[in-house]
Structure formats: structure tokens, C-alpha cells
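Undergrad: According to the UniProt record's numbering, the sequence shown holds residues 1 to 933 in order.
The beta carbon of each residue, even a glycine, is placed where N, CA and C say it ideally should be.
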Amino acid sequence: MEYSADLIKQVEEKWRKKWQQDKTYSAKINSEKPKHYVLDMFPYPSGAGLHVGHPLGYIASDIHARFKRLQGYNVLHPMGYDAFGLPAEQYAIQTGQHPAVTTEQNIKRYREQLDRLGFSFDWDREVRTCDPEYYKWTQWIFLQLFDSWYCKDADKALPISELIEVFEQEGNKNLNAVCDEDTEIFTADDWKNASDSEKEAILQKYRLAYLSEAVVNWCPELGTVLANDEVKDGVSERGGFPVEQKKMKQWSMRITAYAQRLLDGLDKLDWPDAIKEVQRNWIGRSQGAAIWFDVSGSDRKIEVFTTRPDTIFGVSFMVLAPEHELVQEITTDEQHDDVEKYIDQTKKRSERDRMADVKNVSGAFTGAYVEHPFTGEQIPVWIGDYVLAGYGTGAIMAVPSGDQRDWDFARHFDLPIPNVIEGADISEGANDQKSGKLTNSQFLDGLKVKGAIKKAIGALIEKGIGEKKINYKLRDAVFGRQRYWGEPIPVYYENGVPKSVRTEHLPLELPEVESYLPTKDGEPPLKRADKWNYDPEKGVVPNGEGFPLELTTMPGWAGSSWYFLRYEDPNNSEEFASQEAVNYWKNVDFYMGGAEHGTGHLLYFRFWTKFLNDRGHIPFDEPAQKLTNQGMIQGDSRFVYRIEDSNDFVTFSKRKEHKTQRLHVDVNIVDGDKLNMEAFKKWRPEFKDATFITEEDGTYKCGSEVEKMSKSKFNVINPDDLCDQYGADALRLHEMFLGPVEMHKPWNTQGIDGVSKFLKRFWRLFHSGDEFSVVEEKPTKDELKVLHTCIKAMTEDLEKDSFNTCVSHLMICVNELSSLKCNKHEVLEPLTILASCHAPHITEELWEKLGHESSIIDADWPKLNEDYLTEDEIEYPVSFNGKMRFKLKVDANLSKDEVEKAVLEHERTAQQLKGNEPKKIIVVPGRIVNVVH
């Protein structure tokens, strides 16, 4: 009986249906077994569905989950959908269709594709971030953050009620808390005499979820704020619309309170070093000093942060971020127009672009000066887009001899460049290269860097113009989005004061709106709702009653920052997850996802976990103990070459004979490198009259390039097509066999034919003709050796997530057993278990044929018996003067002397020696014999 395409389809449909009916992969709390939580970064369900690159990580995590269950672990392996977001909303704007409708359609499509690949997901635990029963708890967590502050003494978040108690008793003079840098000192009487709005303004400076002015990426065309990772080259990733920097009143999360803990926690995690390094750099801890410069002719000061206060005598100008709060105040009338023009220009560039652009120098002089705190010298104040408002203080003291960008800026604008000796050994009387003045830095002469820094900080403190300080690049996360398709922020405004929606009124559900665009006045889409006010007693009420509700919604990362916890207890209506559930399942043991989330999701994910731990809701402070990044399966793109200003296409070999434009073409109408010209004409209307300049044999050959698999590049391979042709097991094996899971690798459809043939050979081991034929005879030593070699190799490789090499081990094992014509039950049953992690459908069918009523997932992983791997005989290559002449099999237990004796007694040794005595015989036990004569 061949494992034909029809039989594959029948087998795979049968087991998918049975797994679903029997809830084979349903996970329950079981204190008798150790738990193992396997999690995938859940997908955003787009209308395009899955291509073959998407399942790579899911296949790997599924193999891992199955392996752990076979090892005796109680495995939790859930799946859900990151279902809020901008793409569904943009589609709704274009078509008028509610985002919930398209999201549901897309989820249905994803579910069909995921099911077809035989994943061991517990679908009873499915979550969707757009489900009100889910985002009720996302809103609840937001309110916990709103109701918390960060105490530095306790090094944790505490309830805001405890902060208010401190204010009532002693004000904030002795408080050691994370707060806004402009927070003023006040007494208990000041607090008591403050109005409600004044008190809330103070609390906003401490809350972990707070409302404040922030510089954001504003996209007018989309009508919303975008995260940094949603902006590329100054335009929105979605739609390619211009993005500008804009200061807006915005909800933010005080993630900076957790900066040091986020850094320290990395040391305990089994995460890729590259991800940990990315997070360390993003958090960006640096030690140095804050220095205050007096603005000339003003009572204002400009604070800078520097890691090298010892270079202060090399300062020749100051640069502020264009968004710095003092720019408008200190700019002179003469410089006003230049400064405004430059600020407008800067708004069109994202912070990421500004940080990356090290070649183009630009700036504007404010006309203002500050006094050098030691020399009293007048230092000009400029603005430049290489300084960011959100990093440090948004101001730098420029030391052009010590910093490349400062040097470039000084050279571009012809500013002074004082000579500062490397290593902070600043020589007294060093020449100022522009003005000829001398820099007076005698008190730092001769000191090494660390000593110079220490002495400089001491001098700053003594003079009252600075202090020792630790700074982080990490900035508070902008949380609000001016869009519709997201979780409503559960806040209402009473006389302008933000207040929490009551817990019993959650979820605060998205209202119906007539359009998903911002209003004509630029208000978010929720402003269009007819019923979007709040009464603390009644809940949501029609407009005109109660108090106005917040109009912005949460970002996409809100729902994904805690979803792993909801999987642990997904149907709980009383709390986000019970204590029993979180105490048993705890955090994730194996997390699979893309490296591109290193500074987004994975940071917020850790931040919210630490916060929930602080407030006593969960017993751990890291969400995932182990992280594995799957690589990218790249597409093998194909190209045609259109002659400019024509509809003529020239074949690859003749493309340089004409002036051509290279165009992507659908890989599905290309066979190897040969274009199906008729299919091409039918592919798109503009090509229906295409003509071709072909090869000499009449074929049109395409160009090729390996690049990211993407619908826009027409190089997407649909997994459904491959499942139709080869089956899901073959696709799973092939994706693993392409290479290590963490590496990028090009897709190769031809390779799937090889694993398909392997599955057919595997099937034939169990069959004789059309009959299932497995016998109960005792296996031979050779058969047991083959099996246990595979057990050893697969166990070791699965423990280290080497999924690709496991396919090789299975292939070798099946080939050797086929050569031995082995059909012994004692060998084939454990082999079936070994193969079940990679190929679950075929192994379930064979497991049933072997006489088992329960699923193979409930079996035990085969135990290794090292005795079967020991050799009875050893074959020695025997060399004479270093040249191998013959091989000799001897008993594996012979001593060196006995091996030497057996060699000397062999007839071929006599032929080589020709009656002479050997000078020396070298025996390397188990490896080689060399006779020197």
C-alpha cells in the first residue's frame, strides 16, 4: 500500500477531525506532572493569510511541545490572535466595512490554515485581543497602572493611595520616587490646600500611566500617532504616508521606572545574546553628571547630561533638540524665522531617521548664549536634529574634539574647536584652534579618565552647578492612539480631571461610529459616537449626560503585553487569571518569535509582568524564561525586464542590450526560470498585449534573487497548495530540514519532494504490499543498534532545539532499517514515537495500526539503552609506514598487546614485512594500527 496523495489527504483529515473531537491537546492543571508552557508570538490575522514563511516558528514550537509531552510534562500550548490594529481600520476606512467583520474573516482563514498543519494547540484557550471579554482585563491592567507609582526605596510599584498618604503627612520633600523631572517640592499643607485638579496634576507626575505633553510620530493622512517601528524613512509603514514630529497631550506608560530592573533581569534569561544586547542598548544605561548652564540675560538654566564631565573645558557651543521647551523662549527676534523654518523641517523626520543620519549636518542658531560654569565664557546655543528631546535632557554641551557629530557640526557652521587631549588629560594652555584662546583646565592635568571624571563631578557639586547622575536612553512609552480599532482607554474627565472608569463597568466597549476617520476638527474617531459619555453610577450614557470619556484607544502592544497570562485561565470572568492558574503554569518555559520584536513587544511584555508582580497579582517577574528566534524563510523572487516606454519584455540574457525596468513577477507562473508567457498576459490587465524578446529556443527566462517573502514581491508560496500536493507532514519536515530554525534560509520547493519520498519509505516499513505487516519477532542486534542510535541522537538534538538534524537522523534510521528489511514491532513502535513530533498525522495512523487506542501524544518517549550502541567488534585500518594496506576486524575487548599480536599473525602483514622484523607497532585503541618497518 503506497502512501499516495489520496491516502495522505484521507489520513490527515481523519486525524485533524479526531484531535478536535477528542480535545487531544487540551491542557488542565495537573499537580502530579511538571508543567511546561510553550508559547508562540500570536499572529496578526491579515487578509493575505499564511505563506510558507509564517509556519516556521509554529512548526518548531509544536515539535518542542510534543517532545516535552512525550517526556512526561503537562504541556500548555495555546494560540490566539493579536486582532486590534491599523490594517483592519484602514481597510474599514476604504470599504466602510466594520473592522470586526474583516478581522473575523481573517481569523477564520488563519484558523483553517493553522489546523491543516497539525499543530497541537489547545484551541479551548484561544484569545483575541479584540474580544471585549479579553480587553476588559487589558483595561483593568491599565487602571492598575494608573493607580500606581514607583517607590525607589521599595524598588517596586505601590498603590497611589499610599502616595497620597505621604503627601498628606509630609508633602514630597523626603519622597524617593520616580517622577517627572520638573516636579516641584511641596508641603503637606500645600497638598491639603490644593484643588482637585491641582492634586491630580501632581499625581500625574508620579502615576505609571499618565497624561502629559509628548513628542510623537503624527501621521496626518492616517490621523493617528504611530510607534517608531511603524515609521520607516519618514513615512508610515502602512500606506507610505508622511509622518511628522508633533507635541501632543498623550497618555504614556512610565516604563523608565523599570529601566534598571529590565537591564538586570536579562542576566537571568535564556534568551539569544543578540536580543539581550539589543535591549541593553535600547535601555542605554550611562553614568555621568548633570550640569546646569545659566542662560545669559535670563534666570533660566539649561541642563545637560554628559558621561564625560571632565571634557567641560572643551565645550565651544551648545545644541538643543528643536523640540526643547526653551527654544521658543530664548530664540532672539533676529533668529526667529530661521529657527521656525528649521523646526518645521525637523517635524518631517522621525527620531529613528534623525539618529541614523550621520552624514547630513543641519541646524540653526537661536541667538542665545549660556555662560560656561567655570570660565564664564559666552557659549552660543544652537538647535540641531541630531539631538533628541526624549534622550537625556534634550540638550548637549558640544565638545567637537571629542565627538564626531559635534566635530561635523562645528566644521559645518565654522564654530570653535578647542583642543582636548585624549583621555581627559587636558593640558593647561592648550590652543583653541579657531580663536587662539587658551583653555584653562589645570585642575584636571595628568589624570586618567576615571580620575578626571570623578574630580570633575566633585568640582561641579562643590560649585553647585551639577550632580552625579545615571541616565537611560529608554523613554516612557506613548500609549494613546488617535484611531478606532483598539481598546478604549477606561478614563473619563470630570471638570478636566482624568478619573478611572469603575471596574464593574468594564469592559468599556467600542461604540458604533458612522466613519472610522478622525473628525473634521482632528478629533479621534470615537468623537463621532452618539453614546460616549460616562456616569459613575450608570456607566456609558448618551452624549450630553454625565462626563466625557477618553477618545483615544490603546496601541497594539497593550493586548500582547499580558496575553500569556490569559491563556492560563481564559474563561475566568472574575479576574484576569486565578491564583491557582498563575501559581501552577507560572511563566513561559519556551517562547518562539521573531527577533524584530526585541525593542517593542519583548520590552513591554517584561515591563507589564514586573508591574503585575509588584502589585501581587502574579508570583514571578519575567514572562518567558527561554526565548528562541526563528529565522526568516526568504522568497526566491523572479523578474521580467520591460523595455522602457513600451510593453515589450526582453529575456534575461538579452536585458543589457536595451534600457529596461526590472519588475517582480508571480513565481507561480514561472517554472524554474522559464516564464509562462500566456499566463503572464492573463496575470494583470496591463500585460495582456505584452510581446516578448526570447532566448534562441523561444523561451523567456526570468532573473532571480533571494529576498524577503512578501505579497508585494509576488514570491509568496501558499502552504495550502503544498499540503494539497504533498501533505502537511511533508511540509513540516521540509521547513525544518531547510536549516537551523534560527537562521534565515531561502525557500526551495524542490526539496519537499525528497521528504515526501522519505515518508513513503517510512510507511513501507510497516507494510508488505497492501497489507499492514509488523511482526513480534525479537529484533537483531543490528536493528536495535540502528534504533537506539536514532533515540540518542534525536533526544540530544531535540533538547537543544536542533530540529533540522532530527530529520536527518530519522532519514538515516529509516534507510538502514529498510536495508535490514526490519518490520519488528519492538523497533517500529518506538521509531513511530520518535517521528511523531515532526510528522504527527502519519504517525497517529501507524500508532493506531500498531494496536493503540489512545493518541500517540500520550506515549512515553523511548528510553535509550547504551548497551545496544556498544560494538562487539572493531575494524582497524592497518597501515605500514603510514600507508593503509588492509582492514582487520577484531574483538572489541582485546587489549593493545592482543591487537598487536593479531596484526602480526595476519598473512597480509607477512607480505608487507617480507621476512623483516617491524621496528615499532603503534596501536591507537579503537582507531588505527601503524606498523613501522
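1. Does Lys688 come within less than 8 Å of chain B when only Cβ atoms are used?
2. Can you tell me where the beta strand (DSSP E) with Lys35 in it begins and where it stops?
3. DSSP beta-bridge partners for Val588?
4. Rounding to the nearest angstrom, what Cα-Cα distance links Phe305 and Met318 in this structure?
5. Once the 5 residues before and after Glu323 are set aside, which same chain residues still bring their CB inside 6 Å of it?
6. Output needed for Arg885: all residues of its chain with C-beta closer than 7 Å, excluding positions within five of it in sequence on either side, in chain order.
7. Suppose contacts are defined by Cβ-Cβ distances below 8 Å. Is Tyr37 in contact with Val588 by that definition?
8. Run through the region 835-894 for me and flag every whole beta strand (DSSP E) of 3 or more residues, listed as ranges in chain order.
9. With DSSP as the reference, label Ala290 as helix, strand or coil.
10. Helix, strand or coil: which one does DSSP assign to Glu514?
11. Is it right to say Gln279 is buried, meaning 16 or more other beta carbons lie within 10 angstroms of its own, or is it exposed?
12. Can you tell which of Asp182, Leu612 and Ile717 has its C-alpha closest to the C-alpha of residue 936?
13. In the structure shown, what three-state DSSP assignment does Trp382 receive?
14. Give the C-beta separation of Met632 and His744 to the nearest angstrom, bearing in mind that I take them to be a contact with Cβ-Cβ under 8 Å.
15. Run the CB neighbour count on Val924, radius 10 Å, all protein chains shown included, and call it buried at 16 or more, exposed below.
16. Would you mind giving the Cβ-Cβ distance between Thr609 and Pro619, rounded to the nearest angstrom? I have them listed as a contact below 8 Å.
17. Residue range of the beta strand (DSSP E) that Asp636 falls in?
18. On the three-state DSSP scale, how would you describe Asn715?
19. Count the other CB atoms within 10 Å of the CB of Asn916; is the residue buried (16 or more) or exposed (fewer)?
20. With DSSP collapsed to three states, give me the class of Asn571.
21. With a floor of 3 residues, list each beta strand (DSSP E) that falls wholly inside the region 124-210, ordered by position along the chain.
22. Using the Cα positions of Ile922 and Glu871, report the straight-line distance between them to the nearest angstrom.
23. Can you tell me which of the three DSSP states Tyr700 falls into?
24. In chain order, what residues of the same chain lie with their CB nearer than 6 Å to the CB of Gly423, ignoring the 5 residues before and after it?
25. For Ile283, which residues in the same chain have their Cβ closer than 7 Å to its Cβ, ignoring the five residues on either side in sequence?
26. With a threshold of 6 Å on Cβ separation, who are the neighbours of Val178 within its own chain once the five nearest residues in sequence on each side are excluded?
27. Can the beta-carbon of Ser836 be found closer than 8 Å to that of Ile812?
28. Could you give the DSSP three-state label for Gln482: helix, strand or coil?
29. Do the region 8-15 and the region 521-532 meet, that is, are 3 or more Cβ pairs less than 8 Å apart?
30. Please name the residue or residues paired with Leu549 in a DSSP beta bridge.
31. Assuming the contact rule is C-beta atoms closer than 8 Å, Phe142 and Ala209 should be a hit. Round their C-beta distance to whole Å, please.
32. Run through DSSP, which three-state label would Lys469 get?
33. Have a look at Asp338, Arg405, Ala395 and Ile330 and flag the residue whose alpha-carbon is nearest the alpha-carbon of Tyr369.
34. Straight-line CA distance for Lys68 to Tyr58?
35. Just how far apart, CA to CA, sit Val387 and Val399?
36. If you follow the alpha helix (DSSP H) that Tyr281 is part of, which residue opens it and which one closes it?
TA: Taking the coordinates as given:
1. Judged by its chain identifiers, the structure shown contains no chain B, having just a single protein chain.
2. Lys35 to Asp40
3. Ala624
4. 12 Å
5. Val215 and Ala389
6. Val878, Ser879, Arg908 and Gln912
7. yes
8. 873-880 and 883-891
9. strand
10. coil
11. buried
12. Examination of residue 936 is not possible in this model, given that the chain is present from 1 through 933 alone.
13. strand
14. 5 Å
15. exposed
16. With 8 Å as the limit, Thr609 and Pro619 do not qualify as a contact, their Cβ atoms being about 11 Å apart.
17. Ile633 to Ile643
18. coil
19. exposed
20. coil
21. 148-151 and 156-159
22. 22 Å
23. coil
24. Residue confidence for Gly423 is low, a pLDDT of 36 falling below 50, so the modelled location carries little weight; the figure read from the coordinates is stated next. Here the set comprises Val449.
25. Ala259, Leu262, Leu263, Tyr472, Lys473 and Leu474
26. Tyr150 and Ala257
27. no
28. coil
29. no
30. Tyr492
31. 6 Å
32. strand
33. Ile330
34. 15 Å
35. 14 Å
36. It should be pointed out that residue 281 corresponds to Asn in this sequence rather than to Tyr. Residues Asp273 to Ile283.
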